[in-house]
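What follows is one structure encoded as structure tokens, with my remarks underneath.
Protein chains: 2
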Amino acid sequence: MTEIHLPDDLVHSNGGGRIVLVVLDGVGGLPHPEHGRTELEAARTPNLDALAASSSLGRLIPVAPGVTPGSGPGHLALFGYDPLRTVIGRGALSALGVGFPLEPGDLAVRLNLATLDDQGRVVDRRAGRPSDEEARAAVDALRSGFEAWEGAGDTEIFVLHEKEHRAVLILRGSGLDDRLRDTDPQMTGVPPHPPEALHPDAGSASDLMLALLDHARTVLSERQTITGVLARGYALHRKLPSMGDRFGLRGAAVARYPMYRGVARLVGMEIPGEPGSDDEALGLLEASFPDHDFLFIHFKEPDARGEDGDFDAKVAAIEEADRAMARVAALEPEVLMVTGDHSTPAAMAIHSWHPVPLLLHSRWARPSADRFGESACRTGDLGQLEARHLMSLALAHAGRLDKFGA
Amino acid sequence: MTEIHLPDDLVHSNGGGRIVLVVLDGVGGLPHPEHGRTELEAARTPNLDALAASSSLGRLIPVAPGVTPGSGPGHLALFGYDPLRTVIGRGALSALGVGFPLEPGDLAVRLNLATLDDQGRVVDRRAGRPSDEEARAAVDALRSGFEAWEGAGDTEIFVLHEKEHRAVLILRGSGLDDRLRDTDPQMTGVPPHPPEALHPDAGSASDLMLALLDHARTVLSERQTITGVLARGYALHRKLPSMGDRFGLRGAAVARYPMYRGVARLVGMEIPGEPGSDDEALGLLEASFPDHDFLFIHFKEPDARGEDGDFDAKVAAIEEADRAMARVAALEPEVLMVTGDHSTPAAMAIHSWHPVPLLLHSRWARPSADRFGESACRTGDLGQLEARHLMSLALAHAGRLDKFGA
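First to last, the sequence lines map onto chains A and B. For reference, each letter of the first sequence is one residue, going 0 to 405 in numbering that gives the first Met the number 0. For reference, each letter of the second sequence is one residue, going 0 to 405 in numbering that gives the first Met the number 0.
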């Protein structure tokens, strides 16, 4: 019995049309208590509405019903990867988020800068939430301390500051393993857990982490508040099958924030640059368009304003993205999709599980409304589907999928 | 690569809101040939309609498209258990149905009271469909006969009457096994099959069943019509992971009929009492509310009247349940869900596979209609989903699920 894996086993490599995926991060919302419209429905979006009128509409379930995704699984699903089987650990995502170029075999670890007392007990798991400046100084001290340290043998050590009390550690060497116990005890008044091996093969990684965390305490011993680190979210970085291998697509990713570029790089997309504005991002998209089959462009603001809990600011962010859509649509790709990686309702001020509006513009669409919004998408032709199936739909509309069976 | 099992791997135990699940058994229906409205749509349901207006609507597929569930899988799915992986055997369901407190390791067997001739051949597989009184007398005789019998060694034997020709046998002891052949030959004129072992480990259970069925014939030999029993639906009762372990929920189940209490007990819900009326059931729900996180209340009548094939009576049963909804809604749980375990269209007078209307009331809902019914639910925000995903949605809306991935 041969098992068929969709869409991998269906792709043909004889070319086809170009696919553009526009992610309006966190675009899905909830009705405003006064007028009953969501952020997207309240926004004036002439470009998106015009696209919707000649698109198939629908809604994406990012991971599974009721499941609120982080940005990593949210984007992996949109790129055609099952987010329940392709899990990127917290440490790896942190590394990608600060722009670190992870390589297969790297062990990435989330660090909390913490306050430990003389006896080594945790006094504050977040070191009193230090300012970025204070935290960066401690991370710089750690970096210097590790450079001078010989305890790691041939293993390279990288430490980067993330934000506030959060930092990320990357170990590069042979024989690393992520089956280690988190040292963060999740409470105060007790010492950190040792980074015990949770699998027989993780013994040497455990020894290394133990020595490393010990050395970190020595390095930080003269400081006032940041006197130690807690480790969690170990992630051994494994190479994923690329979008090229799986779908025969040459992909390019345009995003202003490093994490989104990082996730795209994970699946083999090229990164044409690091845009500082939406305008620069659009320029990179236009420049990359002729040489790529799949182009992903990411707009962060709707999510950021949703997380602020600011309905009106999220509406404005969506309107801003709508203006950018004119340049995207002008490229006239065979397939143009607009959706989000998840919902971020301003009413909740956090990511949510709610299905995300989707439009798929193609000459083979079945339009059903002339507005892009949750209500219009609820009764659209694409129905409600798991986000990991979106890539199959895109490939089909681009004329890149063979018939299945005879 | 870690594979994630939903929703088990997502739950946090830091509390969250209360969840109430109201099951209107068999509520889904089919359009009346004259006016085109289903039973639920024809019913006057002001309380359900008011809830619907501030709820997300959708439809549940009990097991899979086209699959008509029994009450066991129908409820297991609503409780968050995959009904295709968590199978309760017929015998166990019968035992639960008569209120028998099954324990792990018990072997439950459905018995047909049957007529066998002098040569031991089956004359009537259902003994002429005896009255409950006649059948109960035969079951009492069997029970006495087994009490005096020494052939079972240390294994305890329980026999209980179910309804008409149906009874249930429970064996409690060590080394029992359900991999046995049904003795019911499904035809007359031939002797019953022996309860052969279908697995090498089932040898001693096979020997015991053979001796037991033989003794049953001896006990019943003086009777006129009920002169033997046929065994089928063997089910070794295994402990399921509880709702507490899986979801961090302390559950309570309020139901007038023992089978529904039994299925709820299987997944670790507490049973605060055995109500004799809907009014008593509501009282138990109210009394259990403060001390539980998940409360399930079951209304049987819509299904019973549907199985009668009586459209108007089913409408009346739904209206009766709607009146009860006022007291349920007054509890103001964080999440209030109303649905059925399956459809029972009066036109079919039997359980069916049709998707079941669902409303989920929560502050994070996306309302779409001010009526609760099949048509309104068809275009609701929750779309159409397998019933086993309902628990994830409930946990999410109650603020009990962590974000998945970073």
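Note that the Cβ used here is the ideal one computed from N, Cα and C, for glycine as well.
Three-state secondary structure assigned by DSSP to residue 23 of chain A: Collapsing the DSSP output to three states places residue 23 of chain A in a strand.
Output needed for residue 396 of chain A: all residues of its chain with C-beta closer than 6 Å, excluding positions within five of it in sequence on either side, in chain order. Hits under 6 Å: 334, 361 and 363.
Beta-carbon of residue 356 of chain A versus every beta-carbon of chain B: anything under 9 Å? For residue 356 of chain A, the answer is no, since every Cβ of chain B falls outside 9 Å of its Cβ.
Using the three-state DSSP reduction, which class does residue 43 of chain B fall into: helix, strand or coil? In the structure shown, residue 43 of chain B sits in coil (DSSP, three-state: anything other than H, G, I, E or B).
What is the DSSP secondary structure of residue 255 of chain A, counted as helix, strand or coil? The answer is coil: DSSP assigns residue 255 of chain A none of H, G, I, E or B.
Alpha-carbon to alpha-carbon, residue 264 of chain A and residue 330 of chain A: Roughly 23 Å separates the two Cα atoms.
Contacts that residue 87 of chain A makes with chain B (C-beta to C-beta distance below 9 Å): Listed along the chain, the chain B residues whose CB falls inside 9 Å of the CB of residue 87 of chain A are 404 and 405.
Supposed close pair residue 318 of chain B, residue 44 of chain B - CB separation, criterion 8 Å: Yes, residue 318 of chain B and residue 44 of chain B are in contact; Cβ-Cβ is about 7 Å, under 8 Å.
Residue range of the alpha helix (DSSP H) that includes residue 207 of chain B: 202-219 is the extent of the alpha helix (DSSP H) around residue 207 of chain B.
Leaving aside the five residues before and after residue 74 of chain A along the sequence, list all residues of the same chain whose C-beta is less than 6 Å from its C-beta, in chain order. If you ignore the 5 residues before and after residue 74 of chain A, its C-beta comes within less than 6 Å of the C-beta of 262 and 340, all in its own chain and listed in chain order.
Where the beta strand (DSSP E) through residue 310 of chain A begins and ends: Per DSSP, residue 310 of chain A belongs to no beta strand (DSSP E); it is in the alpha helix (DSSP H), 310-329.
Beta-ladder partner(s) of residue 362 of chain B, from DSSP: According to DSSP, which records beta bridges pairwise, residue 362 of chain B is partnered with nothing at all.
Under a Cβ-count criterion, where at least 16 other Cβ atoms within 10 Å of its own Cβ denotes burial, should residue 11 of chain B be classed as buried or exposed? Around the Cβ of residue 11 of chain B, a 10 Å sphere holds fewer than 16 other Cβ atoms; the residue is exposed.
Please list, in chain order, the residues of the segment 72-85 of chain A that have any C-beta partner in chain B closer than 9 Å. Within the segment 72-85 of chain A, the qualifying residues are 72, 73, 75, 82, 83, 84 and 85.
Sub-9 Å separation of residue 346 of chain B and residue 5 of chain B beta-carbons: No. Outside cutoff.
List the endpoints of the continuous beta strand (DSSP E) containing residue 232 of chain B. Here the beta strand (DSSP E) through residue 232 of chain B covers 227-235.
Have a look at residue 243 of chain A and residue 249 of chain A and give me their C-alpha separation to the nearest angstrom. Computed Cα separation, rounded: 6 Å.
Could you tell me whether the segment 254-261 of chain A touches the segment 133-148 of chain A, where touching means 3 or more Cβ pairs closer than 8 Å? No, the segment 254-261 of chain A does not touch the segment 133-148 of chain A.
Cutoff 8 Å; reference residue 198 of chain B; Cβ partners in own chain excluding five residues on either side: Excluding positions up to five away in sequence, the list reads 176 and 178.
Can at least three beta-carbon pairs, one atom from the segment 112-120 of chain B and one from the segment 297-307 of chain B, be found at a separation below 8 Å? No contact exists between the segment 112-120 of chain B and the segment 297-307 of chain B.
Give the C-beta separation of residue 51 of chain B and residue 370 of chain B to the nearest angstrom, bearing in mind that I take them to be a contact with Cβ-Cβ under 8 Å. That belief holds up - the Cβ atoms of residue 51 of chain B and residue 370 of chain B are roughly 6 Å apart, short of 8 Å.
From the beta carbon of residue 395 of chain B, is the nearest beta carbon of chain A less than 9 Å away? With a threshold of 9 Å between beta carbons, residue 395 of chain B makes contact with chain A.
Give me the Cα-Cα distance between residue 228 of chain A and residue 110 of chain A, rounded to the nearest whole angstrom. When rounded, the distance between both Cα atoms is 6 Å.
Going by DSSP, what residues sit across from residue 383 of chain A in a beta bridge? Answer is A:58, bridged to residue 383 of chain A.
Check the C-beta distance from residue 294 of chain B over to residue 284 of chain B and give it rounded, since I have them as a contact under 8 Å. By a beta-carbon distance limit of 8 Å, residue 294 of chain B contacts residue 284 of chain B. Their separation comes to about 6 Å.
Candidates B:233, B:348 and B:359: which alpha carbon is nearest residue 86 of chain B's? For the residues B:233, B:348 and B:359, the minimum Cα distance to residue 86 of chain B belongs to B:233.
So which residues on chain B does residue 377 of chain A lean against when the C-beta distance must stay under 9 Å? In chain order: 365, 367, 378, 379, 380 and 382.
Is the segment 368-382 of chain A touching the segment 77-91 of chain A in the sense that three or more CB pairs, one from each, lie closer than 8 Å? As far as the Cβ criterion goes, the segment 77-91 of chain A does not touch the segment 368-382 of chain A, which means the pair count is below three.
Considering just the uninterrupted stretch of the alpha helix (DSSP H) at residue 302 of chain B, what are its terminal residues? 300-306 is the extent of the alpha helix (DSSP H) around residue 302 of chain B.
Roughly how many angstroms lie between the CA atoms of residue 226 of chain B and residue 273 of chain B, to the nearest whole one? Whole-angstrom Cα-Cα distance: 35 Å.
Roughly how many whole angstroms lie between the Cα atoms of residue 304 of chain B and residue 22 of chain B? Straight across, the Cα-Cα distance linking residue 304 of chain B with residue 22 of chain B is about 15 Å.
Residue-level contact to chain B via CB, residue 25 of chain A, 9 Å cutoff: False, the Cβ-Cβ gap to chain B never drops below 9 Å.
Along the beta strand (DSSP E) that carries residue 160 of chain A, what are the first and last residues, could you check? Unbroken beta strand (DSSP E) run through residue 160 of chain A: 155-162.
Proximity below 9 Å, CB of residue 268 of chain B to CB of residue 286 of chain B: No. Outside cutoff.
Boundaries of the alpha helix (DSSP H) in which residue 113 of chain A is found, first to last residue: In this chain, residue 113 of chain A is not harboured by any alpha helix (DSSP H); it is covered by the beta strand (DSSP E) spanning 106-115.
So which of A:327, A:172, A:185 and A:403 has the shortest CA-CA distance to residue 105 of chain A? Ranked by Cα distance from residue 105 of chain A, the options A:327, A:172, A:185 and A:403 are led by A:172.
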